[in-house]
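Next up, the structure:
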C-alpha cells in the first residue's frame, strides 16, 4: 500500500470535507440513504460498530444497577402535551400516525380507519415512561427506579445527514426516578461519566464533559450535561447528554412516593441518551483520506487475513494456511475476549480486497501468499499507519505482539485525536473582536484550517446566546473541569464564574 | 413454602385459564398494558427473558454467517404495493403516518404538514429490504446476502393480548438472497432448526417443526415452515416461521444478479422471524398456579438469596453472609458463564420477597437467616418443585451441586412439557366424526381438559381448510418428521401423502 499516492477516498478531506464524509460512509459500507426521506439503512459494518458501542454501554448500565425495559413506539397526543417546554421543543419535528388501515381507492392504496386520537412516533420517551413510573412507584421502598431502553426514535429532519442527523435513529434512553435531588444529581453525573468512558476509552474519541447553557438545555430539563467532541473540521459534535429533570416531569405525570414519615412527595427524575450519531463522530474523528480507521476495542474484526492467490493451484495451500493463522490468532485475547479474525475468501482481485479493508478501517491486515506459506509468515499492515511499509513477520512474532499492537493502535488513535483538538483549541482569546475574528475565519472547508474551539470566561447571560447565534457559534458546554476563581466574560467583559467552550457545531 | 395451600396466582389455571395468564404476566412483573391501545410495556423481568432468548439466537445467526443491519421503520406505500399477495395480507392492520408536525389548533395539538406520500410503520420488512438488496447485488460474487434485523414492528390488533398479540412487538427478521433455489431452501431449513434449538434447548418449550399448509402461508411465500408448541389449554402457538419466498419478492423488487456465464437471473430469497410472542409461549408452557417457572438457561437470575432478618441487629451479619454466598456461587459456572446470583435486600417482609421470586419463576432461591450464618448453610428451594420441603444444605453442598441442579431443572421443565403434550396429542382419530367430536369437546376452560392436537393423514386439499375453520381448527403444520407411505385423509378419506397436526390455536 505504501507505493500508491492515490487516496482510497475521493475527494480528500482537504478537497471537500463534507463530500469526503459521505464517501467514507459509502466506501466503508457503513450506511446508505433509505428510500424514505431523511432515514438511513445501517449496513452490517456500521451496525456492528454500533453493536460494540452498545455492548460497552449496556454492560456499564447493568453494573450500575440499571435494568432494560421497553415502552411503546407511539405516544398519544395527550401525553406529549403535559410538559409545556417539552412539547414546544419537539412539536415541529414529529411523525404523526393518524390511521390504522390501508384501503384501495381509485386503484391505489390510501389511509383508512382514522384513529380516535392521533399518536406521534416517540421523539424521546419521558412522557410515556413517566406515566408508567407513576403506576410503579408508591413508596420510598420502590425507589430508585433505574430503567434503560434501547430503541428507535423519530425527529423529522429537514436537512438530514447520514449518522449525524437522520429522521429515524437508534439510541438508548435512560430514565430514572429518585427520592432526593442529591441522588438524582449523582445519577446524572454517573451516567455522563459512563458516556465519557465509552466514547474515550472504547471509541478513542476525546470529549469535554460539561454543563449545557440555559439556551441549549433539553426541553423540560433543569440541567443538561453533555460530552462534546471535536471533528476534523474544527466543529463540535454533541455526543451524549444526561439531564437532571428536577420535578418537572414528575409533576406533569404525577410520579409521587410516600416517604418513611408517610408524606407524599414528587420524585426527582433524570434522563440520558446516546445515539447512532456517535458513529458519525467516530468517522469524523478517526477517518483519513483512505477511509475509516476503527479503534480496536470496537472493531467488528481486529484482523483480516487477505489471501493473495494468483493461480488456482495456490488456492488450497494458501487458504489452509490462512485458516491456520486465523485459528492461532483467535486463541489470543484482546480486551478480555478472543481476537476477532476474518479471512477474506472472496474471489476478487486481492488489491481490491486490501483496499476494501483499508476503507473499512480494520486495525490490522495480514496478507498471505504462496511464499508466506513456505516461510511461515505474513505481511502485516496497521491501519493507523497505512502508508508505512508492510512488515514481513513470522507467525510467532505476529501472535506474540498482537495484543500489544492492538492496544497500541487504540492509544495512537486517541492520542492523535487529542493532539488535533489541542492544536485547534484557543484559550487565549482576548475579547469579542478577537473572538469574532477567530470564528469568522472558519469559512468554506475548515479541515486543518483556521478556527476550532474557544475556551474562555463566560458570564452566562442568556442574551449573549442570541449574540453568538449571529456568528453561527454556540456555547458547547461549561466544562466540569474549571480553573476556579473568576475572570472577565469574553463576550461582555462582565465578571464570570465559569469558563465555557464555544464552537461551531453539528 | 410447603406449608401453604394457597396459590400465589389467583385464579388458578383450572378456575380461569385466560385470567390466570393475565395474572401471571402481572404477578411476575413481565409486562403491562400501555396507555396506547394494543401495545404493551415490557417490564425488566420480561425484557431480560427476551434478551436471553435474543442472545441465544443472535449467537447462532452469526455462527451461520448472518450479519445484523438496520432498515427504516417507515415504508412508503409504493413499496408495500409491489407484491400483491403481501399487501393483501397486511393492508388491514397497518399504522399509517400521514403528517410530520404538530400545531396548536383551538388550544389543542393537531397534525400539521401532510406528507406527500403516506407511509406505514413496517409490519415486516420484505419490501424495503428487498429494495436495498436490489442495490447491493450485482454479481454471483455478491451472493449469498444474509442479513438479520432486530426491530420493532406494528400490526394493528383488534383483540390484543399481552405478549401473544400486541399491535407493536419486538422481533428479529432474517432476510437472505441466494443464487439457487437449493441454497435458499437449505437456508430456510437451517434457520428453522435454529429456532427449534433455541426454543427447545434454551426455553425448554417442545415444538413440532413442519411446513404450513397453503392457507396458512406467509403472504407472498412459496413455502412457510413453522415450529408449533402446545400450551396448557391444549391450543397451539406458532413460535417461529421460516419462509422460502422463491422469486416472488426478487421479481417485485428487481433483485437480480449476473451469473458466472454473464446471464442475469432473479435471486431466490428467504425470510424468517421470531418475536416476543415466544415469552407468551414460555408462560403458557411452564407457568403453574404459583406463577412463572423460568428455565435456567434463559433465567435473568439463576439464584436469588433472600435474607431473613427479624431485627435490626441481624441485618449486618446476615447481609454479609449473603454476600459471601453470592460471591462463592458467582464463581461457579453454568452453561458456559458465571452463575447469575441476586441478593434481595429490599426492606419488606421476607415472606413477600420469597413469593415475589416464586411468581417470577427464578430457578433456585436460598433463604438465609441468623441460624444459617452460624451453621454455614442455607435453605434451598427449587422452583420446579415449589411445594417440596426446602432443603437445609451447607454452602459446600450448594456450591458442589448447583450446576447439576440447574441443568436438572432445565431438563425437568422440558420433559414435563413434552409429557403434557404427548398426553394431549391423539394420533388414532378414525375419521371426520371422531375428529369433530374431539375438537367439539374443547369448550370453556380447556386446561387439563379434553382435546389438544390431532396427528393424522391429510389430503392437503385447500377446500378442507375452510371446512376446518367452521370447527375453529387449523392445520398447524405438516411435520418434517413423516412416517412415509400414505394413508386415508382424516377429513375426506382420500389418499394422503403426509400427516398433519390439527389444533385450535392462538
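Residue numbers (the working numbering), protein chains in the order written: chain F, 1490 to 1995; chain B, 1490 to 1995.
The C-beta atom is built at its ideal place from N, Cα and C for all residues, glycine as well.
Beta-carbon proximity list for residue 1492 of chain F, same chain, < 6 Å, skipping 5 on both sides: Along the first chain, read from residue 1 onward, the residue named residue 1492 of chain F stands at position 3. Reliability fails at residue 1492 of chain F, whose pLDDT of 46 lies under 50, so the model's placement of it is uncertain and the value that follows must be treated cautiously. If we look at residue 1492 of chain F and ignore the five residues flanking it on each side, it has no Cβ neighbours.
Residue range of the unbroken alpha helix (DSSP H) whose run includes residue 1773 of chain F: Looking up residue 1773 of chain F in the first chain gives position 284. Element bounds for residue 1773 of chain F: 1766-1775.
Beta-carbon proximity check, residue 1865 of chain B vs residue 1797 of chain B, cutoff 9 Å: Taking the first residue of the second chain as position 1, residue 1865 of chain B is located at position 376. Taking the first residue of the second chain as position 1, residue 1797 of chain B is located at position 308. No, these two residues do not count as a Cβ contact at 9 Å.
Residues of the stretch 1566-1588 of chain B whose Cβ lies closer than 8 Å to any Cβ of chain F, in chain order: 1566, 1568, 1569, 1570, 1576, 1580, 1581, 1582, 1583, 1584, 1585, 1586, 1587, 1588
Residue range of the unbroken beta strand (DSSP E) whose run includes residue 1715 of chain B: Within the second chain, numbered from 1, the residue matching residue 1715 of chain B stands at position 226. Here the beta strand (DSSP E) through residue 1715 of chain B covers 1712-1719.
Alpha carbon of residue 1692 of chain F to alpha carbon of residue 1512 of chain F, nearest angstrom: Position 203 of the first chain, counted from the start, is the residue given in the question as residue 1692 of chain F. Position 23 of the first chain, counted from the start, is the residue given in the question as residue 1512 of chain F. About 21 Å.
Test: residue 1617 of chain B CB closer than 9 Å to a CB of chain F: Indexing the second chain from 1 puts residue 1617 of chain B at position 128. Yes - at least one Cβ of chain F is within 9 Å of the one on residue 1617 of chain B.
Limits of the unbroken alpha helix (DSSP H) element including residue 1738 of chain B: In the second chain, residue 1738 of chain B corresponds to position 249, counting from 1. Looking at the DSSP string, the run of the alpha helix (DSSP H) that includes residue 1738 of chain B is 1737-1742.
Residue 1689 of chain F versus residue 1749 of chain B: straight-line alpha-carbon distance, rounded: To locate residue 1689 of chain F, count along the first chain from 1; it is residue 200. To locate residue 1749 of chain B, count along the second chain from 1; it is residue 260. Each residue's Cα considered, the two are about 47 Å apart.
Distance CB(residue 1576 of chain F)-CB(residue 1607 of chain F) smaller than 9 Å: Counting from one through the first chain, the residue named residue 1576 of chain F turns up at place 87. Counting from one through the first chain, the residue named residue 1607 of chain F turns up at place 118. For residue 1576 of chain F and residue 1607 of chain F, no; Cβs fall outside 9 Å.
Pick from F:1626, F:1568, F:1643, F:1595 that is closest to residue 1615 of chain F, judged by C-alpha positions: Against the first chain, residue 1615 of chain F aligns to sequence position 126. Nearest of F:1626, F:1568, F:1643, F:1595 to residue 1615 of chain F, Cα basis: F:1568.
Listed by chain order, chain F residues near residue 1657 of chain B by CB distance under 8 Å: In the second chain, residue 1657 of chain B corresponds to position 168, counting from 1. Per Cβ cutoff of 8 Å: 1561, 1562, 1563.
Chain A within 9 Å of residue 1801 of chain F, Cβ atoms only: Chain labels in this structure do not include chain A; the protein chains are F and B.
Best match in F:1730, F:1630, F:1771 for proximity to residue 1700 of chain F [C-alpha to C-alpha]: On the first chain, residue 1700 of chain F is found 211 positions in, with the first residue counted as 1. Cα-wise, what sits closest to residue 1700 of chain F is F:1730.
Supposed contact pair residue 1855 of chain B and residue 1794 of chain B - C-beta distance, whole angstroms, cut 8 Å: Here residue 1794 of chain B refers to the residue found at position 305 when the second chain is read from its first residue. Here residue 1855 of chain B refers to the residue found at position 366 when the second chain is read from its first residue. Confirmed, about 5 Å.
Those runs of the alpha helix (DSSP H) which lie wholly inside the stretch 1848-1924 of chain F and span at least 4 residues: 1859-1864, 1884-1912
Of the listed residues F:1954, F:1548, F:1778, F:1836, nearest to residue 1680 of chain F (C-alpha basis): Start at 1 with the first residue of the first chain, and residue 1680 of chain F comes out as number 191. When each option's Cα is compared against that of residue 1680 of chain F, the closest is F:1548.
Where residue 1955 of chain F falls, given that 16 or more other Cβ within 10 Å makes a residue buried: Counted from its first residue, the first chain places residue 1955 of chain F at position 466. By the 10 Å Cβ count, residue 1955 of chain F comes out exposed.
Contact list for residue 1608 of chain F against chain B, beta-carbon separation under 8 Å: Numbered from 1 along the first chain, position 119 holds the residue referred to as residue 1608 of chain F. By Cβ distance, chain B contributes 1525.
Residue 1851 of chain B vs residue 1791 of chain B beta-carbon contact at 9 Å: The count along the second chain starts at 1 and reaches residue 1851 of chain B at position 362. The count along the second chain starts at 1 and reaches residue 1791 of chain B at position 302. Yes, the Cβ-Cβ distance between residue 1851 of chain B and residue 1791 of chain B is below 9 Å.
Under 9 Å between C-beta atoms of residue 1913 of chain B and residue 1723 of chain B: By one-based count along the second chain, residue 1913 of chain B stands at place 424. By one-based count along the second chain, residue 1723 of chain B stands at place 234. Taking 9 Å as the Cβ cut-off, residue 1913 of chain B and residue 1723 of chain B qualify as a contacting pair.
Where residue 1946 of chain F falls: helix, strand or coil (DSSP): By one-based count along the first chain, residue 1946 of chain F stands at place 457. Strand at residue 1946 of chain F.
Residue 1678 of chain B (DSSP reduced to helix, strand or coil): Counting from 1 along the second chain, the entry for residue 1678 of chain B is found at position 189. Three-state DSSP puts residue 1678 of chain B in a helix.
For residue 1542 of chain F, three-class secondary structure by DSSP: Position 53 of the first chain, counting from 1, holds the residue named residue 1542 of chain F. DSSP places residue 1542 of chain F in helix when its eight states are reduced to three.
Beta carbon proximity, residue 1832 of chain B to chain F, threshold 9 Å: Residue mapping note: residue 1832 of chain B aligns to position 343 of the second chain, counting from 1. Cβ-Cβ to chain F under 9 Å: no for residue 1832 of chain B.
Interface flag, residue 1641 of chain F vs chain B, CB-CB below 9 Å: Sequence index remark: in the first chain, residue 1641 of chain F carries index 152 (1-based). It does: the Cβ of residue 1641 of chain F has a partner Cβ on chain B nearer than 9 Å.
Reduced DSSP secondary structure (H/G/I, E/B, other) of residue 1490 of chain B: Counting from one through the second chain, the residue named residue 1490 of chain B turns up at place 1. Confidence in residue 1490 of chain B is poor, its pLDDT being 42 and thus under 50, which makes the residue's placement unreliable; the coordinate value appears in the next sentence. Residue state, collapsed to three classes: coil.
Helix, strand or coil at residue 1747 of chain B according to DSSP, with G and I counted as helix: Start at 1 with the first residue of the second chain, and residue 1747 of chain B comes out as number 258. Strand, per DSSP.
Alpha-carbon to alpha-carbon, residue 1657 of chain B and residue 1981 of chain F: To locate residue 1981 of chain F, count along the first chain from 1; it is residue 492. To locate residue 1657 of chain B, count along the second chain from 1; it is residue 168. The alpha-carbon atoms of residue 1981 of chain F and residue 1657 of chain B are separated by roughly 53 Å.
Nearest-angstrom Cα separation, counted from residue 1961 of chain F out to residue 1979 of chain F: The residue you call residue 1979 of chain F lines up with position 490 of the first chain. The residue you call residue 1961 of chain F lines up with position 472 of the first chain. Rounded to the nearest angstrom, the two C-alpha atoms are 16 Å apart.
Through-space distance from residue 1809 of chain B to residue 1802 of chain B, alpha-carbon basis: Looking up residue 1802 of chain B in the second chain gives position 313. Looking up residue 1809 of chain B in the second chain gives position 320. Looking at the two C-alpha atoms, the distance is approximately 12 Å.
Segment contact, 8 Å Cβ cut-off, at least three pairs: the stretch 1512-1522 of chain F with the stretch 1532-1540 of chain F: yes
Short Cβ contact (9 Å threshold) for residue 1942 of chain B with residue 1990 of chain B: As a first step, residue 1942 of chain B must be located in the second chain, where it is residue number 453. As a first step, residue 1990 of chain B must be located in the second chain, where it is residue number 501. Yes, the pair counts as a contact, with Cβ atoms nearer than the cut-off.
Where residue 1546 of chain B falls, given that 16 or more other Cβ within 10 Å makes a residue buried: In the second chain, the residue the question calls residue 1546 of chain B occupies position 57. Buried: at least 16 other Cβ atoms inside 10 Å.
For residue 1733 of chain B and residue 1665 of chain B, the rounded distance between their alpha carbons: Working through the second chain from its first residue, we reach residue 1665 of chain B at position 176. Working through the second chain from its first residue, we reach residue 1733 of chain B at position 244. If I take the Cα positions, the gap works out to 10 Å.
Residue 1647 of chain B, buried or exposed, once every other Cβ within 10 Å from all chains shown has been counted against 16: Numbered from its first residue, the second chain carries residue 1647 of chain B at position 158. So residue 1647 of chain B ends up on the exposed side.
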